[in-house]
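Participant: Mind having a look at this structure? Questions to follow.
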Amino acid sequence: MPLDESFTGRVYPPRSSYEVSREKIREFADAIGDANPLFRDPEAAKAAGYPDVIAPPTFLTIINLASINAIVTDPELGLDYSRMVHGDQQFSYTRPAHAGDELLLTTHIDRIMARAGNDFINLRAEITDADGAHIATTRAQLVVRGEDA
Numbered sequence: 001m002p003l004d005e006s007f008t009g010r011v012y013p014p015r016s017s018y019e020v021s022r023e024k025i026r027e028f029a030d031a032i033g034d035a036n037p038l039f040r041d042p043e044a045a046k047a048a049g050y051p052d053v054i055a056p057p058t059f060l061t062i063i064n065l066a067s068i069n070a071i072v073t074d075p076e077l078g079l080d081y082s083r084m085v086h087g088d089q090q091f092s093y094t095r096p097a098h099a100g101d102e103l104l105l106t107t108h109i110d111r112i113m114a115r116a117g118n119d120f121i122n123l124r125a126e127i128t129d130a131d132g133a134h135i136a137t138t139r140a141q142l143v144v145r146g147e148d149a
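The opening position of the sequence shown corresponds to residue 1 in the UniProt record's numbering, with each subsequent residue numbered one higher.
Structural data, given as C-alpha cells:
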C-alpha cells in the first residue's frame, strides 16, 4: 500500500519539551566513545565560550527519533514499519545544544514520493530552545521498500 501523499506539508507541533542535562550529555558521549572535554567539563566549555557543557552533534537524535516514530506509526499514513529503512540524516546547527537547554521540536513532512516501487518520505525537524531561538534543523529521508524489493 503506497504512502498517503496528502500527508505532504503536515506539521507536528511539539508534544513536550526535552531538558538537556549534563548527565544525559555525558551518557551520550560515553555511548559514542567521545572523551571531548566540552561534553564533560563545565569549566572547559565555559573557557570555550559556552554557558555549560555542550552536546555532541548527533545528540539531537534522542528527541528527533521520538518525533519520527510518532509520524511513521500513524496508521493513516499507511507506512509498513517492517519495510522501512533509514535512507539519510542531516543536522544543520545555529548553535550546539547545551546543558540547561529546554528543547522543543516541530516536525514537518516535506515530501512523500514513489520511485522504482519504493516510497520515500522526507522529514524536517526544527529544534528551538524554550525562548524560541533556533538550535538546529534535522532532515531525514525514510525509504519504505516496495513489496517486490
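Glycine included, C-beta positions come from ideal geometry on N, C-alpha and C.
(1) For a quick check, are the C-beta atoms of Ala97 and Ile135 less than 8 Å apart?
(2) Using the three-state DSSP reduction, which class does Arg145 fall into: helix, strand or coil?
(3) On the DSSP bridge list, what partners appear for Asp88?
(4) Could you work out which residue in Leu79, Arg40, Pro14 and Ala66 is closest to Pro56 when comparing CA atoms only?
(5) Compute the beta-carbon to beta-carbon distance between Glu87 and Val143, rounded to the nearest angstrom, for a pair I have assumed lies under 8 Å.
(6) Jot down the residue ranges of each uninterrupted alpha helix (DSSP H) in the UniProt domain "FAS1-like dehydratase" (7-137), minimum 4 residues, whole runs only, in chain order.
(7) Cβ of Asp52 within 8 Å of Cβ of Ala45?
(8) Cα separation between Gln90 and Thr107?
(9) Is the beta carbon of Asn122 less than 8 Å from the beta carbon of Asp110?
(10) With Leu105 and Pro14 assumed to form a contact (beta carbons below 8 Å), what rounded beta-carbon distance in angstroms separates them?
(11) Pick from Ser16, Ser6, Val11 and Ala116: whose alpha carbon is nearest that of Arg129?
(12) Does the beta-carbon distance from Ile71 to Leu77 come in below 8 Å?
(13) Can you grab the Cα-Cα spacing for the pair Ala116 / Ser21, in whole Å?
(14) According to the neighbour-count rule (16 or more other Cβ atoms, all chains shown, within 10 Å of its Cβ), is Ile32 buried or exposed?
(15) For Val85, which option in Ser6, Gln141 and Leu60 has the closest C-alpha, if you only look at C-alpha atoms?
Facilitator: Working from what's here:
(1) yes
(2) Correct three-state label for Arg145: coil.
(3) Gln141
(4) Arg40
(5) Sequence inspection shows Gly at residue 87; the Glu mentioned does not correspond to that position. That belief holds up - the Cβ atoms of Gly87 and Val143 are roughly 4 Å apart, short of 8 Å.
(6) Within the UniProt domain "FAS1-like dehydratase" (7-137), the complete alpha helix (DSSP H) runs of at least 4 residues are 22-32, 42-47 and 61-72.
(7) yes
(8) 14 Å
(9) The answer is yes: Cβ separation under 8 Å.
(10) 6 Å
(11) According to the sequence as given, residue 129 is Asp; it is not Arg. The option with the nearest alpha carbon to Asp129 is Ser16.
(12) yes
(13) 44 Å
(14) exposed
(15) Gln141
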